[in-house]
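At position 67 of the sequence shown the residue is numbered 67 (the working numbering), and the sequence of numbers has no breaks. Glycine is no exception: its CB is placed at the ideal position from the N, C-alpha and C atoms.
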Amino acid sequence: MKNYKQLIQVIETLATSSKWTGNYDYGTYRKFIYVPKNCKRYTSLSIPTIDDEPDLTSVWIGRILTQEYILLEVHFYPSNKNWSQFSAWLMAMVNNPESLIND
């Protein structure tokens, strides 16, 4: 993910994905939830929005309930300085949430 346009595409992927079972719009942020079948673990991603567009000035929050039932919470403030780290984190959350739960 190299730019804002690709970020919009990633969020559209989340919104239309059958893997992510929850898709809630709370006005100031959107929350996506992934829960594997027959499992009590989950991941969630809260994306701040302004006028239905991702807000890069506010914190993005990822939550992961691991196999050991430890709740990890990651707070990310996207910026030009950490864009590659932010992109890698977001792509792992979106494309392979199973690996985050099982690690």
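Item	Value
Pairs of beta-carbons, one from the region 65-77 and one from the region 11-20, closer than 8 Å: are there three or more?	no
Measure the alpha-carbon distance for T49 versus L65 and round it to whole angstroms.	24 Å
On a CA-only basis, which of W60, G27, P54 and R41 is nearest N3? Give me that one, please.	P54
Spatial neighbours of N102 within its chain, please: CB distance less than 6 Å, with the 5 preceding and 5 following residues excluded, ordered by chain position.	Q67
Assign Y29 to one of two classes, buried (16 or more other C-beta atoms within 10 Å of its C-beta) or exposed (fewer than that).	buried
Excluding the 5 residues preceding and the 5 following W106 in the sequence, name in chain order all residues of the same chain whose CB lies nearer than 6 Å to its CB.	Residue numbering for the chain in the displayed model covers 1 to 103; residue 106 lies beyond these limits and cannot be assessed.
With DSSP run on the structure shown, which of helix, strand or coil describes K5?	helix
Can you name the start and end residues of the beta strand (DSSP E) that E73 belongs to?	L71 to F76
If you measure between the beta carbons of L90 and R63, is that distance less than 9 Å?	no
Whole angstroms are fine: how far does the CA of N80 sit from the CA of N23?	27 Å
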